[in-house]
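Notes follow once the structure below has been shown.
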Amino acid sequence: MSVKDLDGQIHTLNDTPFGYTMNIIGGKWKMVIMYYLAERQPVRFNEMQKYIGNIAYKTLSQQLKELEANGIVYRKEYPQVPPKVEYYLTERGMSLIPILEELCYWGVDHQNDL
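Take the sequence shown: its letters are residues -11 to 102, numbered as in our numbering.
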(Lines of atoms letter the chains of each structure in order from A and count residues from 1; the text may use other names and numbers.)
(Lines give C-alpha, C1' and ligand atoms only; values in the text may rest on other atoms or scores of the structure.)
Protein backbone atom coordinates (compact mmCIF):
# COMPACT_ATOMS: atom_id res chain seq x y z
CA MET A 1 0.00 0.00 0.00
CA SER A 2 1.31 3.46 -0.79
CA VAL A 3 0.25 6.90 0.36
CA LYS A 4 1.03 10.46 -0.65
CA ASP A 5 2.53 12.93 1.79
CA LEU A 6 1.82 16.66 1.86
CA ASP A 7 4.26 17.25 -1.02
CA GLY A 8 2.53 14.65 -3.17
CA GLN A 9 5.40 12.17 -2.86
CA ILE A 10 4.40 8.53 -2.78
CA HIS A 11 5.64 6.44 0.13
CA THR A 12 4.84 3.05 1.56
CA LEU A 13 2.67 2.94 4.65
CA ASN A 14 5.74 2.03 6.74
CA ASP A 15 7.30 5.40 5.80
CA THR A 16 4.42 7.36 7.33
CA PRO A 17 3.98 8.41 10.98
CA PHE A 18 1.08 5.95 11.20
CA GLY A 19 3.26 3.14 9.90
CA TYR A 20 6.03 4.05 12.33
CA THR A 21 3.60 3.97 15.26
CA MET A 22 2.09 0.66 14.17
CA ASN A 23 5.55 -0.88 13.85
CA ILE A 24 6.17 0.00 17.50
CA ILE A 25 2.81 -0.90 19.10
CA GLY A 26 1.21 -3.15 16.49
CA GLY A 27 0.63 -6.85 16.86
CA LYS A 28 -1.51 -8.99 19.07
CA TRP A 29 0.17 -8.40 22.44
CA LYS A 30 2.07 -5.12 22.63
CA MET A 31 -0.88 -2.91 23.49
CA VAL A 32 -2.08 -5.45 26.06
CA ILE A 33 1.37 -5.43 27.68
CA MET A 34 1.48 -1.63 27.71
CA TYR A 35 -2.00 -1.35 29.16
CA TYR A 36 -1.18 -3.80 31.94
CA LEU A 37 2.05 -2.01 32.76
CA ALA A 38 0.22 1.31 32.93
CA GLU A 39 -2.20 -0.16 35.46
CA ARG A 40 0.21 -2.07 37.69
CA GLN A 41 3.86 -1.20 37.21
CA PRO A 42 6.31 -2.44 38.19
CA VAL A 43 5.40 -5.89 36.90
CA ARG A 44 7.40 -9.08 36.99
CA PHE A 45 7.47 -11.38 33.97
CA ASN A 46 5.52 -14.28 35.51
CA GLU A 47 2.87 -11.93 36.89
CA MET A 48 2.37 -10.45 33.43
CA GLN A 49 2.17 -13.86 31.81
CA LYS A 50 -0.51 -14.95 34.30
CA TYR A 51 -2.53 -11.78 33.72
CA ILE A 52 -2.40 -11.98 29.93
CA GLY A 53 -3.18 -15.67 29.98
CA ASN A 54 -2.89 -17.26 26.57
CA ILE A 55 0.59 -16.03 25.65
CA ALA A 56 3.65 -18.21 25.25
CA TYR A 57 6.76 -17.48 27.29
CA LYS A 58 8.79 -16.94 24.13
CA THR A 59 6.21 -14.57 22.64
CA LEU A 60 5.97 -12.43 25.79
CA SER A 61 9.74 -12.31 26.04
CA GLN A 62 10.08 -11.25 22.40
CA GLN A 63 7.38 -8.59 22.67
CA LEU A 64 8.97 -7.12 25.79
CA LYS A 65 12.38 -7.05 24.10
CA GLU A 66 10.92 -5.21 21.10
CA LEU A 67 9.13 -2.70 23.33
CA GLU A 68 12.35 -2.19 25.27
CA ALA A 69 14.37 -1.70 22.07
CA ASN A 70 11.88 0.96 20.99
CA GLY A 71 12.09 2.83 24.28
CA ILE A 72 8.56 1.97 25.41
CA VAL A 73 9.45 -0.41 28.25
CA TYR A 74 12.26 -0.29 30.78
CA ARG A 75 13.60 -3.57 32.15
CA LYS A 76 15.17 -3.44 35.60
CA GLU A 77 17.22 -6.45 36.61
CA TYR A 78 18.27 -7.04 40.21
CA PRO A 79 21.55 -8.89 40.82
CA GLN A 80 20.28 -11.70 43.02
CA VAL A 81 19.56 -15.42 42.96
CA PRO A 82 17.04 -16.28 41.73
CA PRO A 83 17.08 -13.40 39.24
CA LYS A 84 14.47 -10.71 39.75
CA VAL A 85 13.36 -8.59 36.79
CA GLU A 86 10.73 -5.87 36.76
CA TYR A 87 9.21 -4.02 33.83
CA TYR A 88 8.06 -0.41 33.71
CA LEU A 89 6.71 1.90 31.05
CA THR A 90 9.12 4.65 30.13
CA GLU A 91 8.01 8.24 29.75
CA ARG A 92 7.79 7.55 26.01
CA GLY A 93 5.62 4.51 26.72
CA MET A 94 3.38 6.48 29.08
CA SER A 95 2.80 9.01 26.30
CA LEU A 96 0.96 6.26 24.39
CA ILE A 97 -1.48 5.46 27.21
CA PRO A 98 -3.98 8.23 26.31
CA ILE A 99 -4.20 6.66 22.85
CA LEU A 100 -4.92 3.24 24.36
CA GLU A 101 -7.54 4.83 26.62
CA GLU A 102 -9.22 6.34 23.56
CA LEU A 103 -9.40 2.87 22.03
CA CYS A 104 -11.13 1.70 25.22
CA TYR A 105 -13.64 4.56 25.02
CA TRP A 106 -14.35 3.65 21.40
CA GLY A 107 -15.00 0.06 22.52
CA VAL A 108 -17.41 1.22 25.21
CA ASP A 109 -19.30 3.30 22.66
CA HIS A 110 -19.42 0.64 19.93
CA GLN A 111 -19.17 -2.85 21.42
CA ASN A 112 -22.91 -3.40 21.06
CA ASP A 113 -23.26 -1.92 17.55
CA LEU A 114 -23.55 -5.21 15.68
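Heads up, the beta-carbon is just placed ideally off N, CA and C, and yes, glycines get one too.
Being a predicted model, the structure only gives us computed values, none of them experimental.
One Cα belongs to SER83, the other to TYR23, and the distance between them is close to 12 Å. 7 Å or more divides the Cβ of ILE60 from the Cβ of GLY41. With a contact defined as Cβ atoms closer than 8 Å, GLN51 and TRP94 miss out at about 23 Å. Residue range 18 to 28 is occupied by the alpha helix (DSSP H) that includes LEU25. Taking ASN58 as reference, the option from PRO71, PRO70, ALA44, GLU79 with the minimal CA-CA separation is GLU79.
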